[in-house]
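> My structure is below; once you've seen it, I'll send some questions.
Chains as they are written, first to last, in our numbering: chain V, 129 to 249; chain E, 30 to 136.
Structure representation (structure tokens):
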């Protein structure tokens with residue numbers, strides 16, 4: 129079964145750090161670009177970051193640039209999001225998602241179940 | 030950055046109704062438009078990609094159309110499991126962006 133499973137969320141104080149993980153299974157992880165998308169409580173979906181298949185190219189939303197780092201370990205079939213200098217407004221459910229690639233107009237065809245990050249003092 | 034605007038923000042309908050959602054991009058995105066369904070407490074689910082292609086396993090009552098800046102998602106005959114929030118997304122350029130969502134409620 130094709131699956132993405134996030135972990136690492138939790139409660140952190142403003143200014144703190146957290147690392148999210150996304151474990152992939154059921155497909156050739158190293159062949160796909162991957163994304164992080166977040167959703168604040170009661171709000172819509174917001175794209176956060178993207179990484180290419182070999183991990184050498186990354187892109188970020190302006191709101192997290194310089195604070196968040198996306199990475200991957202293709203040997204471990206795992207995607208990461210290192211979040212530093214966290215702010216209250218980073219509070220959200222964080223989803224990892226697979227990029228379906230050109231054949232699917234780069235739609236996000238597989239999503240994890242999400243992990244909740246709460247930034248609060 | 031490309032802005033995506035969905036209308037309406039909410040919609041009330043009955044089982045068996047035909048409903049249409051609209052999504053407009055702030056600039057042309059060719060056919061790089063995708064639709065997702067999200068139920069409370071769940072991850073989004075891809076329904077339509079490339080404006081009109083039905084994702085595998087998605088019922089044929091869902092259909093999409095449009096190109097350039099204006100797009101629609103249609104459900105031909107609403108089923109009880111279709112009541113959810115629907116998001117459009119442009120994958121034409123980074124940063125990718127989503128519409129604010131349309132919440133479909135039971136009348």
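Where is the CB? At the ideal position from N, CA and C, for every residue including glycine.
Count the other CB atoms within 10 Å of the CB of residue 189(V); is the residue buried (16 or more) or exposed (fewer)?
If you number the first chain from 1, residue 189(V) lands on position 61. The residue is buried, with at least 16 neighbouring Cβ atoms inside 10 Å.
> Is there a Cβ from chain V that is less than 8 Å from the Cβ of residue 108(E)?
Against the second chain, residue 108(E) aligns to sequence position 79. Cβ-Cβ to chain V under 8 Å: no for residue 108(E).
> What are the boundary residues of the beta strand (DSSP E) that includes residue 140(V)?
Stepping through the first chain from its first residue, residue 140(V) is reached at position 12. Its beta strand (DSSP E) spans residues 138 to 140.
> Assuming residue 115(E) contacts residue 133(E) (C-beta within less than 8 Å), just tell me the rounded distance between them.
As a first step, residue 115(E) is located in the second chain; it is residue number 86 there, counting from the start. As a first step, residue 133(E) is located in the second chain; it is residue number 104 there, counting from the start. Yes, they are in contact, since the Cβ atoms of residue 115(E) and residue 133(E) sit about 6 Å apart, within 8 Å.
> Which chain V residues are close to residue 124(E), counting only those with a beta carbon under 8 Å from its beta carbon?
Numbered from 1 along the second chain, position 95 holds the residue referred to as residue 124(E). Correct list: 175, 187, 189 and 190.
> At what residue ranges does the region 61 to 132 of chain E contain a whole run of the alpha helix (DSSP H), taking only runs of 4 or more?
The region 61 to 132 of chain E contains no whole alpha helix (DSSP H) run of 4 or more residues.
> I need the boundaries of the beta strand (DSSP E) containing residue 237(V), first residue and last residue.
To locate residue 237(V), count along the first chain from 1; it is residue 109. 236 to 239 is the span of the beta strand (DSSP E), which, as asked, contains residue 237(V).
> Could you check which residue in 138(V), 171(V) and 186(V) has the C-alpha nearest to that of residue 200(V)?
Mapped onto the first chain, residue 200(V) falls at position 72. Among 138(V), 171(V) and 186(V), the Cα nearest to that of residue 200(V) belongs to 186(V).
> With a threshold of 8 Å between beta-carbons, can residue 229(V) be considered close to chain E, or not?
By one-based count along the first chain, residue 229(V) stands at place 101. Taking Cβ atoms only, chain E never reaches closer than 8 Å to residue 229(V), which makes this a no.
> Report all residues from its chain with a CB closer than 7 Å to the CB of residue 119(E); omit the five preceding and five following residues, and keep chain order.
By 1-based counting over the second chain, the position of residue 119(E) is 90. Hits under 7 Å: 31, 33, 54, 58, 61, 62, 125 and 126.
> Between the Cα of residue 198(V) and the Cα atoms of 222(V), 234(V), 216(V) and 236(V), which residue gives the shortest distance?
Looking up residue 198(V) in the first chain gives position 70. Ranking 222(V), 234(V), 216(V) and 236(V) by Cα distance to residue 198(V) puts 222(V) first.
> Of the residues 109(E), 99(E) and 75(E), which one's Cα is nearest the Cα of residue 35(E)?
The sequence position of residue 35(E) within the second chain is 6, counting from 1. Selected option, being the one with the closest Cα: 99(E).
> In whole angstroms, what separates the C-alpha of residue 239(V) from that of residue 73(E)?
Taking the first chain and counting its residues from 1, the one referred to as residue 239(V) is at position 111. Taking the second chain and counting its residues from 1, the one referred to as residue 73(E) is at position 44. Their backbone Cα atoms lie some 7 Å apart in a straight line.
> Confirm, please, whether the CB-CB distance from residue 41(E) to residue 20(E) is below 8 Å.
What is shown of chain E runs 30 to 136, which leaves residue 20(E) out entirely.
> Going along the chain, which residues of its own chain have a beta-carbon closer than 7 Å to the beta-carbon of residue 45(E), five neighbours each way excluded?
Residue 45(E) sits at position 16 when you count from the first residue of the second chain. Same-chain partners within the cutoff: 106 and 107.
> Taking the straight line between their C-alpha atoms, what separation do you get for residue 92(E) and residue 50(E)?
Position 63 of the second chain, counted from the start, is the residue given in the question as residue 92(E). Position 21 of the second chain, counted from the start, is the residue given in the question as residue 50(E). Approximately 11 Å, taken between the alpha carbons.
> Does residue 217(V) come out as helix, strand or coil in the three-state DSSP assignment?
Within the first chain, residue 217(V) is the residue found at index 89, counting from 1. Here residue 217(V) sits in helix by DSSP.
> Below 8 Å between beta carbons: does that hold for residue 191(V) and residue 143(V)?
Taking the first residue of the first chain as position 1, residue 191(V) is located at position 63. Taking the first residue of the first chain as position 1, residue 143(V) is located at position 15. No.
> Can you tell me whether residue 226(V) is buried or exposed, with buried defined as 16 or more other CB within 10 angstroms of its CB?
Reading the first chain from its first residue, position 98 is the one you call residue 226(V). That one is buried.
> For residue 230(V), name the three-state secondary structure that DSSP assigns.
In the first chain, the residue the question calls residue 230(V) occupies position 102. In this structure, residue 230(V) counts as helix in the three-state DSSP scheme.
> Compare the C-alpha of residue 128(E) against each of 103(E), 84(E), 81(E) and 66(E) and name the closest.
Numbered from 1 along the second chain, position 99 holds the residue referred to as residue 128(E). Ranking the options by Cα distance to residue 128(E), first place goes to 66(E).
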